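A.B. asks: Provided herewith is a single structure, encoded as structure tokens, for subsequent inquiry.
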Amino acid sequence: MRAWSLVALLVAACGDKEAETGTPDDTAETAEPDDTAVADDTGETGEADDTGEVDDTGETGGPDDTGEADDTGEADDTGEVDDTGDTGFGDDTGDTGSGDDTGDTGSGDDTGDTGDTGATLSCTSPVTYTGDYRYGQGTDPCTLGNEVRVTGDVTVSYTTLSDLSVLSCLCEVDGDLEIRSVTGLTDVTHLSRLTTVGGTLRVANLSSLASLEGLHNLTTAGEVYVHTLPALVDLNGLRGLTAVPDYLTVGYADLLTDLSGLSGVSLGGLYLTTNPSMTSLNGLAAQTGLNNLILDDVPLTSLHELGGAGPLSQQVSIGECDALTDLTGLEGVSSGVSTLRLYDNGALADLSALAAVRSVGDLWIGTNGALADLSPLAGITEVTGDATLAITGAADLTGLAGLTTVGGTLTLSNTAVSTVGLEQLQSADELLVRAFTGPDLAGLVGLTALNTLTIERNPDLLSLGGLSGLTSVSEVVIYDNDALTDLTGLDNLTTVSVELDINGDDGLTTLAGLDSLDTVGTLKIRNNAALLDTEGLGALSAVGVLRVIDDPQLASIAGLGPFTQATAITLQDLPSLASLDGLDALIRVTGALDLDAVDGLTDLTGLGALERAGDLDVDTCAGLTSLEGLDALQRVDGTFYLDDNDALLSLDGAEALRRVDTLRIEDHDLLTDVTGMHGVTTVDSYLYIRYNASLATADAEALRDAIGTIGGGAFISGNAP
């Protein structure tokens, strides 16, 4: 008897050795497709062609915020993202013939465990299967024995199976274990040996799976993802779990009513999404290591079961939980939580559980219709990232009166507040005011440090009062605020270093309120239907780029300040502008000076100081009869382009011009006299005189001959005989 036992042990030992050398080579497996489907709406800042739609979804990225790249976004209404093309797997080159029972370590008979749903099966000496295993690709792990540890990932997906007997030997999986989209699978009882998953356990898109029994011996998993299991009635099959350091995600489980079965597990994160029958968190153990909580579209009536769970220092996001009236149970939220999002919770009225919060990384409070009292948040003094306040139930934001600093963007959006009430706010990277219903911004009087100011699509905003603390800003966008008649409120603003864009404000008649503005990088004044003049810009002494475009009522730019140089100037589609007075001090434009469709001009009076330009383009100015006003212009470094000015009779006014790179005089029906340019001595590149119906060819040739040097050649055609 002893001799027989010794022989048996030797045979088993040799079998283990042989099994270890027979591990299949799965190196040909391709990477899993990236199933994340969450998109980021960055928010529009007000260009004329931008939609600027408000992003009020408040949707969080879920567990993929922590680095999980699989299945956390919902691509369709089922929430289950479809992987396509499991291609690229190698052939079965690694099988060395260890398909017999030589790998049996002696724990149980040789038939393999078929799923004892109550027993705890031992895995004392599992055989190691090195690498990844995907069902149908490579050697099955269970050919090595009844107890197997897989060092990589195990995947059974997009196939048809009635059971998981092919995995009945699994004791440990060092990587991910994925059971997904398996047609015909009704149970997972053959996984009853499994005790550990080092990565993510994914059980998803299994329409007939009603129970997780078979996973009852699983004690630890890095992450657990249970998703799109419409027949699942409870989580009791996970009752053996003691630790999930990352997220436990339960989504699109239509029949689940609570979390029964999780009484012994410690979680790093909990993500519940779109479980329409889940009204309670009953069954969840007390959580002392919970850092992330995401509840999205779950009809919970309370959070009492969390019982002060904590530390909740990373993310707390609650959205579309319409039965939730208060946050009792979240008293354990860290005083310095990284992300706090409360959005689209129709009945939420009480935030008192958050009274201990002092600092937030990103704050989003949006569209909670019953939320009238923000005072429990009065202790928050700093938001280091972005703060979005889309308040629909409160009359003001005084509940956040302690806020002094926003490190990112402060958004006041889709809000019903009549006053801002953030008098203590001193600094923010950006202030975005969008769809705001208050008449002014008076509650922001303490704001002195700001990089970007965007005020857009506020039909009820009458004044910018409240912004008087601003003196220097990088960018300002004032877009589509039809009730604004002037810019009073920006009276102390002296510098906009990058861009000031005043666009589509149809009630704006004057720029009064910018009276202190001295320096601006780019100034855009465009698409303002009622703007009459540029009064308010009289202090402007330095401007890089000036663009005044499509302001149909603009009759005067005389209010522009005495700047002497610019990088580029465009005046375009200004049918009412009759004079260039306001540019009187301009000496040089290093780039292009473009006058396009300024139909009220009869000459270029107002440019009398201009000596040099990079390019000069006078195009489609229907009333222009001469170039009078260019008395000082001596040089155009690029192209001087006169095109399609229907009333142009002569080039008088350009007598001082001496040098130009390219000169184009084209498409003028009434032009008869070009002697005004006979003083030009050098055309470095090309001369074009073409398609001028009334200009005698001889006069065109006389201009050519008067020019001493033409570097590239002259092209004269299409003129009068």
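The working numbering applies: residue 6 is where the sequence shown begins, and numbers increase by one. Idealized CB from N, CA, C, for every residue including glycine. This structure is a prediction, so every number in the text was calculated from the model and none was measured.
Run the CB neighbour count on V578, radius 10 Å, all protein chains shown included, and call it buried at 16 or more, exposed below.
C.D. replies: Position 573 of the sequence shown holds residue 578. Before going further, note that residue 578 is Asp rather than Val in the sequence given. Buried is the call here.
A.B. asks: For the candidate residues D378, T420, R346 and G341, whose alpha-carbon lies nearest to that of T389?
C.D. replies: Within the sequence shown, residue 389 is the residue found at index 384, counting from 1. Nearest of D378, T420, R346 and G341 to T389, Cα basis: G341.
A.B. asks: Please report the distance separating the alpha-carbon of M682 from that of A705.
C.D. replies: As a position in the sequence shown, residue 682 is number 677, starting the count at 1. As a position in the sequence shown, residue 705 is number 700, starting the count at 1. If you take the alpha carbons of M682 and A705, they lie about 11 Å apart.
A.B. asks: Tell me the DSSP bridge mates of T500?
C.D. replies: Residue numbering aside, residue 500 sits at position 495 when the sequence shown is read from its first letter. T500 is bridged to S477 and T524.
A.B. asks: Between which two residues does the alpha helix (DSSP H) harbouring E706 extend?
C.D. replies: For the purposes of this step, residue 706 is taken as residue 701 along the sequence shown, with counting starting at 1. Residues T702 to A711.
A.B. asks: Going by beta carbon distance, what residues of the same chain come within less than 7 Å of A352, once the five residues before and after it are set aside?
C.D. replies: In the sequence shown, counting from the first residue as 1, residue 352 sits at position 347. Excluding residues within five positions, the ones whose Cβ falls inside 7 Å are D327, A328, L329, T330 and A375.
A.B. asks: Can you tell which of N350, G443 and V171 has the C-alpha that lies nearest to the C-alpha of A300?
C.D. replies: Locating residue 300 in the sequence shown gives position 295, counting from the first residue. In the sequence on display, residue 300 carries Leu and not Ala. Out of N350, G443 and V171, N350 has the C-alpha closest to the C-alpha of L300.
A.B. asks: Which one of V679, T687 and L656 has the shortest CA to CA distance from V665?
C.D. replies: Taking the sequence shown and counting its residues from 1, one reaches residue 665 at position 660. Ranking V679, T687 and L656 by Cα distance to V665 puts T687 first.
A.B. asks: Identify, in the order they occur along the chain, each residue of the same chain with its Cβ nearer than 6 Å to the Cβ of V229, setting aside the five sequence neighbours on each side.
C.D. replies: Within the sequence shown, the letter at position 224 stands for residue 229. Closer than 6 Å at Cβ, skipping near neighbours: L206, V249 and L253.
A.B. asks: Just reading off the beta strand (DSSP E) that N419 is part of, what are its end residues?
C.D. replies: If you number the sequence shown from 1, residue 419 lands on position 414. From DSSP, the beta strand (DSSP E) with N419 extends over T410 to T420.
A.B. asks: What residues are listed by DSSP as bridge partners for V338?
C.D. replies: Numbered from 1 along the sequence shown, position 333 holds the residue referred to as residue 338. V338 is not bridged to any residue.
A.B. asks: List the residues that DSSP assigns as beta-bridge partners of D622.
C.D. replies: Here residue 622 is taken as the residue at index 617 of the sequence shown, counted from 1. DSSP, once it has assigned bridges, lists D599 and Y646 as partnering D622.
A.B. asks: From this set, L335, E325, L260 and D642, which residue's C-alpha is nearest T293's C-alpha?
C.D. replies: Here the question's residue 293 lines up with position 288 in the sequence shown. Here the closest residue by C-alpha is L335.
A.B. asks: Taking Cβ positions, are G474 and G443 nearer each other than 8 Å?
C.D. replies: Locating residue 474 in the sequence shown gives position 469, where the first residue counts as 1. Locating residue 443 in the sequence shown gives position 438, where the first residue counts as 1. No, Cβ-Cβ distance for G474 and G443 is not below 8 Å.
A.B. asks: Alpha carbons only, please: which of R709, T490 and V623 is nearest the one belonging to A652?
C.D. replies: For the purposes of this step, residue 652 is taken as the residue at position 647 of the sequence shown. Taking only the C-alpha atoms, the option nearest A652 is V623.
A.B. asks: If the criterion is Cβ atoms closer than 8 Å, does the pair L615 and L632 meet it?
C.D. replies: Within the sequence shown, residue 615 is the residue found at index 610, counting from 1. Within the sequence shown, residue 632 is the residue found at index 627, counting from 1. Contact: no.
A.B. asks: So, at 6 Å on beta carbons, what are the nonlocal neighbours of G549 in its own chain, with the 5 sequence-adjacent residues on each side left out?
C.D. replies: Taking the sequence shown and counting its residues from 1, the one referred to as residue 549 is at position 544. So the list reads G526, T527 and T572, once near-sequence residues are dropped.
A.B. asks: F720 to D599, Cα distance in whole Å?
C.D. replies: One-based indexing of the sequence shown puts residue 720 at position 715. One-based indexing of the sequence shown puts residue 599 at position 594. Each residue's alpha carbon lies about 24 Å from the other.
A.B. asks: Checking 8 Å against the spacing of the C-beta atoms, do S199 and N222 come in under that value?
C.D. replies: Sequence index remark: in the sequence shown, residue 199 carries index 194 (1-based). Sequence index remark: in the sequence shown, residue 222 carries index 217 (1-based). Residue identity differs from the one stated: residue 199 is Leu in this sequence, not Ser. Cβ distance < 8 Å, so L199 and N222 count as in contact.
A.B. asks: Taking its Cβ as the centre, do 16 or more other Cβ atoms sit within 10 Å of G27, making it buried, or is it exposed?
C.D. replies: For the purposes of this step, residue 27 is taken as residue 22 along the sequence shown, with counting starting at 1. For G27, the predicted structure reports a pLDDT of 35, less than 50, and the residue's modelled location is therefore unreliable. The matter cannot be settled from this model.
A.B. asks: Kindly indicate which three-state DSSP category C147 falls into: helix, strand or coil?
C.D. replies: By one-based count along the sequence shown, residue 147 stands at place 142. Residue state, collapsed to three classes: helix.
A.B. asks: Under three-state DSSP, which class holds P131?
C.D. replies: Position 126 of the sequence shown, counting from 1, holds the residue named residue 131. Correct three-state label for P131: coil.
A.B. asks: At the level of alpha carbons, what is the spacing between G717 and V438?
C.D. replies: One-based indexing of the sequence shown puts residue 717 at position 712. One-based indexing of the sequence shown puts residue 438 at position 433. Roughly 54 Å separates the two Cα atoms.
A.B. asks: Give the straight-line distance between the Cα atoms of Q431 and T410, rounded to the nearest whole angstrom.
C.D. replies: Working through the sequence shown from its first residue, we reach residue 431 at position 426. Working through the sequence shown from its first residue, we reach residue 410 at position 405. Distance between the alpha carbons of Q431 and T410: 6 Å.
A.B. asks: Could you please give the first and the last residue of the uninterrupted beta strand (DSSP E) stretch that includes I554?
C.D. replies: Stepping through the sequence shown from its first residue, residue 554 is reached at position 549. It spans A547 to I554 - the beta strand (DSSP E) in which I554 sits, taken as one unbroken run.
A.B. asks: In the DSSP output, which residue or residues are listed as bridge partners for F720?
C.D. replies: Numbered from 1 along the sequence shown, position 715 holds the residue referred to as residue 720. Per DSSP, Y693.
A.B. asks: Could you check how far apart the C-beta atoms of D520 and D496 are, in whole angstroms? I think they sit under 8 Å.
C.D. replies: Counting from 1 along the sequence shown, the entry for residue 520 is found at position 515. Counting from 1 along the sequence shown, the entry for residue 496 is found at position 491. About 6 Å; that satisfies the 8 Å criterion.
A.B. asks: Classify I385 as buried or exposed, calling it buried when 16 or more other Cβ atoms lie within 10 Å of its own Cβ.
C.D. replies: Within the sequence shown, residue 385 is the residue found at index 380, counting from 1. I385 comes out buried.
A.B. asks: Compare the C-alpha of D137 against each of T416, T539 and V155 and name the closest.
C.D. replies: The residue labelled residue 137 in the question sits at position 132 within the sequence shown. Ranking the options by Cα distance to D137, first place goes to V155.
A.B. asks: Using the rule of at least 16 other Cβ atoms within 10 Å of the residue's Cβ for burial, across every protein chain shown, is A659 buried or exposed?
C.D. replies: Locating residue 659 in the sequence shown gives position 654, where the first residue counts as 1. Result: buried.
A.B. asks: Excluding sequence positions up to five away, which residues of its chain have a Cβ less than 6 Å from the Cβ of P316?
C.D. replies: Along the sequence shown, read from residue 1 onward, the residue named residue 316 stands at position 311. Closer than 6 Å at Cβ, skipping near neighbours: S339.
A.B. asks: With a threshold of 6 Å on Cβ separation, who are the neighbours of T610 within its own chain once the five nearest residues in sequence on each side are excluded?
C.D. replies: As a first step, residue 610 is located in the sequence shown; it is residue number 605 there, counting from the start. Counting only Cβ-Cβ distances below 6 Å, and skipping sequence neighbours, we find G634.
A.B. asks: Kindly indicate the opening and closing residues of the beta strand (DSSP E) around T205.
C.D. replies: Along the sequence shown, one-based indexing puts residue 205 at 200. Unbroken beta strand (DSSP E) run through T205: T201 to A209.
A.B. asks: Is the beta carbon of S584 within less than 7 Å of some heavy atom of the ligand PLP?
C.D. replies: Absent from the structure shown: the ligand PLP. Ligands present: none.
A.B. asks: Distance, Cα to Cα, G543 vs Q558?
C.D. replies: The residue given as residue 543 occupies position 538 in the sequence shown. The residue given as residue 558 occupies position 553 in the sequence shown. Between G543 and Q558, the C-alpha separation is close to 20 Å.
A.B. asks: Just how far apart, CA to CA, sit P146 and V132?
C.D. replies: Translated into positions along the sequence shown, residue 146 becomes position 141. Translated into positions along the sequence shown, residue 132 becomes position 127. Looking at the two C-alpha atoms, the distance is approximately 9 Å.
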